[in-house]
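Input: a single structure, listed below in structure tokens.
Residue numbers (the working numbering): 5 to 115.
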């Protein structure tokens with residue numbers, strides 16, 4: 005598959021050819037179907053997971069137990085959802101702000 009991308013911040017354009025393996029039958033694996041599946045996968049990665057990876061540094065987490073990982077992922081999703089609801093444009097910056105003023109965060113939540 006040939007892919008063209010444009011980075012929004014820099015307007016830099018890139019082109020690449022990528023190859024993949026699928027278990028789909030040829031009639032179900034036409035170019036438009038593969039593109040739709042690929043975009044669907046990356047749209048999830050680029051939304052919530054991207055924010056968790058960048059703003060919350062999730063890729064460097066040292067948590068290894070299954071339940072603790074799930075709890076932390078849920079808490080991180082809650083924080084991201086709350087910041088989106090509050091219309092905070094920069095999640096990492098907002099986290100740093102509230103990290104130095106935890107009582108302000110509690111007041112914001114009316115706790």
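For every residue, glycine included, the Cβ atom is placed at its ideal position computed from N, Cα and C. This structure is a prediction, so every number in the text was calculated from the model and none was measured.
{"Query": "Cβ pair count under 8 Å reaching 3, the segment 72 to 79 against the segment 90 to 105", "Result": "no"}
{"Query": "Any 3 or more C-beta pairs closer than 8 Å across the segment 81 to 99 and the segment 53 to 60", "Result": "yes"}
{"Query": "Buried or exposed (CB count within 10 angstroms, at least 16 for buried), residue 22", "Result": "exposed"}
{"Query": "Whole-angstrom distance between residue 109 and residue 95, CA atom to CA atom", "Result": "13 Å"}
{"Query": "Contact under 9 Å by Cβ, residue 35 with residue 5", "Result": "yes"}
{"Query": "Candidates 13, 42, 17 and 19, of which the one nearest residue 25 by Cα", "Result": "42"}
{"Query": "Those runs of the alpha helix (DSSP H) which lie wholly inside the segment 66 to 104 and span at least 4 residues", "Result": "70 to 89 and 95 to 104"}
{"Query": "Distance cut-off 8 Å: residue 107 Cβ against heavy atoms of the ligand FMN", "Result": "No copy of the ligand FMN occurs in the structure displayed, which carries no ligand at all."}
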